[in-house]
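Here UniProt numbering is used: the first residue of the sequence shown is 1, the next is one more, and so on. No residue lacks a Cβ here, since even glycine has one placed at the ideal position from N, Cα and C.
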Amino acid sequence: MSVFSSKAEKVFIFAFFFIALGIPLFFNENTFYVNKISTMLILSIFVMSLDYLVGRTGLITLGHAMFYGLGGYLFAIMIPEYEVVNFWLYTFYVMAARVYALIVGLLC
């Protein structure tokens, strides 16, 4: 079973993503739109995971935002110290949330 219903839909979605990847090239002087788009994409990933958890599996979410908030708090703490956002800091946030999720999962 395919996710796309037709070939035209597949082409449209891939074209949309390639155009979305080029948006920062046109708004490099004004970072407002780039920040808004990246915030929308991050929150959409969060919402999709919540929809998958509640809608498809039927589980009740009691601490779904806890791991999202942990990454946000670590981001707010680490940025003034290092002053540069790079790939390794993002992987640190993800790994810290994973370790915390493992600890919470072992306790429950």
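The C-alpha of Leu59 lies about 6 Å from the C-alpha of Leu53. Sorting Ala76, Leu106, Met66, Trp88 by C-alpha distance to the C-alpha of Ala97 places Met66 at the top.
Shown here, Ile79 sits in a helix according to DSSP, grouped into three states. Taking C-beta separations shorter than 7 Å and ignoring five residues to either side along the sequence, the partners of Leu74 in its chain run Tyr93, Ala96, following chain order.
In its chain, beyond the 5 residues on either side, no residue has a beta carbon closer than 7 Å to the beta carbon of Gly55.
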